[in-house]
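The block underneath contains the structure these notes are about, expressed in structure tokens.
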Amino acid sequence: MASSMAGDSDDERARWRNENWRAGVERLTRERPHVSTSWLDAGHRLVVTHAREIARLIRVAAH
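Be aware that the sequence shown starts at 747, since it is given in our numbering, and climbs by one per residue.
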């Protein structure tokens, strides 16, 4: 999961969106404890900017 899905701006709207995103992920892990999540210090483009780390996390989770 990207830690700052709406970017790292100190803008009130971005801050609210990021907090909302994190709360949603926390809710997911509470309600579906079998779902594995990992936080990456990234934004909305994490699949582009962190592709290798995402691939590594998937490989680890698959074993």
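Note that CB positions come from ideal geometry on N, CA and C, so glycine has one too.
Helix, strand or coil at residue i according to DSSP, with G and I counted as helix
i	result
Ala752	coil
Closest Cα partner of residue i within the set the options
i	options	result
Gly770	Glu758, Ala748, Ala788 and His809	Ala748
His790	Trp767, Arg805 and Glu758	Trp767
Val781	Ala808, Ala752 and Arg798	Ala808
Trp743	Trp762, Val806 and Ile800	Examination of residue 743 is not possible in this model, given that the chain is present from 747 through 809 alone.
Thr764	Arg802, Ala752 and Val793	Per the sequence shown, residue 764 should be read as Asn rather than Thr. Per the Cα distances, Ala752.
Residue i vs residue j beta-carbon contact at 9 angstroms
i	j	result
Ser750	Asp787	yes
Thr795	Thr783	no
Any alpha helix (DSSP H) of 4 or more consecutive residues that is wholly inside the segment 771-802: Within the segment 771-802, the complete alpha helix (DSSP H) runs of at least 4 residues are 792-795.
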